[in-house]
Amino acid sequence: MVEFTADPSHPRYASLLSRHKLEKAAEQGLLAESALIAHGRGEAYDYLLGEHTSDNAREATENALAHLKAAKRPVISINGNTTALAGYELLRVAEFLNCPLEVNIFYRTEQRINALLSHLENIKSKHNIDVEIFGREPNSRITGLKGPRAKCCHEGIFVSDVILVPLEDGDRCEALVSMGKTVIVVDLNPLSRSSKKASITIVDEITRVAKNMVNMIENHKDIEINIGFDNLKNLQKSVNIIASNYSEI
Ligand code: ATP
Ligand code: MG
27 MVEFTADPSH
37 PRYASLLSRH
47 KLEKAAEQGL
57 LAESALIAHG
67 RGEAYDYLLG
77 EHTSDNAREA
87 TENALAHLKA
97 AKRPVISING
107 NTTALAGYEL
117 LRVAEFLNCP
127 LEVNIFYRTE
137 QRINALLSHL
147 ENIKSKHNID
157 VEIFGREPNS
167 RITGLKGPRA
177 KCCHEGIFVS
187 DVILVPLEDG
197 DRCEALVSMG
207 KTVIVVDLNP
217 LSRSSKKASI
227 TIVDEITRVA
237 KNMVNMIENH
247 KDIEINIGFD
257 NLKNLQKSVN
267 IIASNYSEI
C-alpha cells in the first residue's frame with residue numbers, strides 16, 4: 027500500500043484521506059467490490075453540496091442524536107464503508123448512548139464479517155471503548171425482506187426502537203420503517219430512496235456526521251427532540267443547496 031503523503035493544506039485533503047482509508051480497508055478485506063463505486067456517488071453529491079455540513083444537516087444530526095438519546099433500545103448498524111470512514115467515532119457515540127453496534131453488510135461473506143469485527147475490536151481495545159458488537163451470528167430477520175440481506179441480530183437491530191443506519195439501501199430502510207422503528211440514515215444523495223423513506227435523513231458525509239456527533243456529546247450540547255421536524259422539508263433544503271450551487275459559477 028502506498029503511504030499517504032498529502033499535505034493538510036491540499037484543497038482536496040479530506041477527500042484524498044477518505045480515499046486512502048477506503049483503499050486500505052479494501053486491502054484488509056473490509057469492503058465489497060462495489061464499495062468504491064458507492065463512495066464515488068457520495069463524493070459527487072458532496073461536491074455539489076459544497077463539502078461541508080449545511081445548517082439543515084446539522085439540524086437533522088441534532089434531532090437524530092436527541093432521538094437516539096431518548097430511545098429505549100437504540101442501535102447503530104454499520105457497513106464496510108462506514109466502518110472504514112467512521113468506525114472509531116461511531117464506537118464512541120455507541121459508548122455514550124450505552125447501545126450496541128451491529129455490523130450488517132449487503133454482500134455478506136464470513137470472511138468479510140470477521141475482518142470487520144476484528145477491525146472494530148482492535149479500535150475498541152486500543153481506545154479502551156466498552157461497546158457490545160453484534161453481527162457474527164445473526165439469529166433473526168428483518169420483516170418483509172427476502173434473502174440474506176434480511177439477516178440481523180435479535181438483540182441488536184431486531185428489538186431496536188431507534189436505529190442509526192448510515193449508507194443504507196432503500197428497501198432495507200423501508201422495511202425497518204415498516205417494523206415501526208425510527209430510522210436515521212446518513213446519505214449524501216437527498217434524492218435516494220433511503221433518503222426519502224427514512225424517518226430522519228442526514229444529508230452529509232459520514233465522517234463529518236460522526237465527528238459532529240462526538241463533538242455534540244463532548245461539549246454536552248443541550249439537544250432536544252425537534253417535534254416539528256419534517257424530513258422531506260429538510261431534504262428539500264439540501265436539494266436547494268445543490269440547485270443554487272449549480273446555477274452559479
Ligand atoms: P437508493 O437509496 O436509491 O436505493 P442506493 O442505496 O442504491 O440508492 P448506493 O450507491 O447503493 O445507492 O449507496 C450509496 C449511497 O450512499 C449513495 O446515495 C451515496 O450518495 C451515499 N454515500 C456514499 N458514500 C457516502 C459517505 N461517505 N457519506 C454519506 N453518504 C455516502
Ligand atoms: Mg441508498
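In the working numbering, the protein residues as written are 27 to 275.
Positions of the beta carbon are idealized from the N, C-alpha and C atoms, including for glycine.
Source: prediction; values computed, not measured.
Going along the chain, which residues of its own chain have a beta-carbon closer than 6 angstroms to the beta-carbon of residue i, five neighbours each way excluded?
{"i": "Phe122", "result": "Ile243"}
{"i": "Glu53", "result": "Met27"}
{"i": "Val188", "result": "His93, Leu94, Ala97, Pro100 and Thr208"}
{"i": "Ile155", "result": "Leu117 and Glu121"}
{"i": "Ser264", "result": "Pro216 and Val229"}
{"i": "Arg219", "result": "Gly196"}
{"i": "Asn82", "result": "Asn260 and Lys263"}
{"i": "Ala32", "result": "Tyr39 and Leu42"}
{"i": "Phe30", "result": "His46"}
{"i": "Leu57", "result": "Ala51 and Gly106"}
Can you tell me the Cα-Cα spacing of residue i and residue j, whole angstroms?
{"i": "Ser80", "j": "Lys98", "result": "29 angstroms"}
{"i": "Leu214", "j": "Glu231", "result": "6 angstroms"}
{"i": "Leu62", "j": "Ile249", "result": "34 angstroms"}
{"i": "Ser21", "j": "Leu193", "result": "For residue 21 there is no data in the structure shown, the boundaries of the chain being 27 and 275."}
{"i": "Gly196", "j": "Val209", "result": "12 angstroms"}
{"i": "Gly254", "j": "Ala96", "result": "16 angstroms"}
{"i": "Lys152", "j": "Ala269", "result": "44 angstroms"}
{"i": "Asn252", "j": "Asn238", "result": "18 angstroms"}
{"i": "Val229", "j": "Glu77", "result": "11 angstroms"}
{"i": "Thr135", "j": "Leu171", "result": "18 angstroms"}
{"i": "Leu18", "j": "Ala64", "result": "Absent from the model: residue 18. The displayed extent of the chain is 27 to 275, so no value can be given."}
{"i": "Leu48", "j": "Tyr71", "result": "18 angstroms"}
{"i": "His46", "j": "Leu111", "result": "10 angstroms"}
{"i": "Asn107", "j": "Arg67", "result": "13 angstroms"}
{"i": "Phe166", "j": "Val185", "result": "At residue 166 the sequence reads Ser, which differs from the Phe that was named. Rounded to whole angstroms, Ser166 to Val185 spans 10 angstroms at the Cα level."}
{"i": "Thr109", "j": "Leu75", "result": "23 angstroms"}
{"i": "Ser35", "j": "Asn124", "result": "37 angstroms"}
Got a sec? Which residues, its chain only, sit under 8 angstroms from residue i by beta carbon, not counting five neighbours each side?
{"i": "Gly113", "result": "Ile104, His145, Leu146 and Ile149"}
{"i": "Glu128", "result": "Val101, Ile102, Ser103, Ile104, Ile159, Phe160, Gly161, Cys178, Cys179, Gly182 and Ile183"}
{"i": "Leu143", "result": "Val129, Ile159, Gly161 and Arg162"}
{"i": "Gly55", "result": "Gln137, Arg138 and Ala141"}
{"i": "Thr87", "result": "Thr79, Ile228, Asp230, Val235, Asn238, Met239 and Met242"}
{"i": "Cys199", "result": "Val191, Val209, Val211, Arg219, Ser220, Lys223 and Ala224"}
Where does residue i sit, in a helix, a strand or coil, going by DSSP?
{"i": "Cys179", "result": "coil"}
{"i": "Phe160", "result": "strand"}
{"i": "Ile253", "result": "coil"}
{"i": "Leu258", "result": "helix"}
{"i": "Thr227", "result": "strand"}
{"i": "Ser270", "result": "helix"}
{"i": "Ile102", "result": "strand"}
{"i": "Ser221", "result": "helix"}
{"i": "Lys172", "result": "coil"}
{"i": "Glu147", "result": "helix"}
{"i": "Lys95", "result": "helix"}
{"i": "Lys152", "result": "helix"}
Span of the beta strand (DSSP E) holding residue i?
{"i": "Val209", "result": "Thr208 to Val212"}
{"i": "Ile189", "result": "Val188 to Leu190"}
To which residues of the same chain is residue i closer than 7 angstroms at the C-beta, ignoring the five residues directly before and after it?
{"i": "Asn89", "result": "Ile226, Ile251, Asn252 and Phe255"}
{"i": "Lys247", "result": "none"}
{"i": "Leu91", "result": "Met239, Met242 and Ile249"}
{"i": "Pro174", "result": "Arg134"}
{"i": "Asn271", "result": "Leu74 and Gly76"}
Can you name the start and end residues of the alpha helix (DSSP H) that residue i belongs to?
{"i": "Lys50", "result": "Tyr39 to Glu53"}
{"i": "Ile168", "result": "Segment: none, Ile168 is in no alpha helix (DSSP H) and carries neither H nor E."}
{"i": "Met205", "result": "Taken as a continuous stretch (DSSP letters only), Met205 belongs to no alpha helix (DSSP H), as it is neither H nor E."}
{"i": "Met242", "result": "Ile232 to Glu244"}
Which whole runs of the alpha helix (DSSP H) in the segment 104-141 are 4 residues long or more, in chain order?
106-123
Runs of beta strand (DSSP E) wholly within the segment 51-90 (minimum 3 residues, chain order):
For the segment 51-90, not a single whole beta strand (DSSP E) run of length 3 or above is found.
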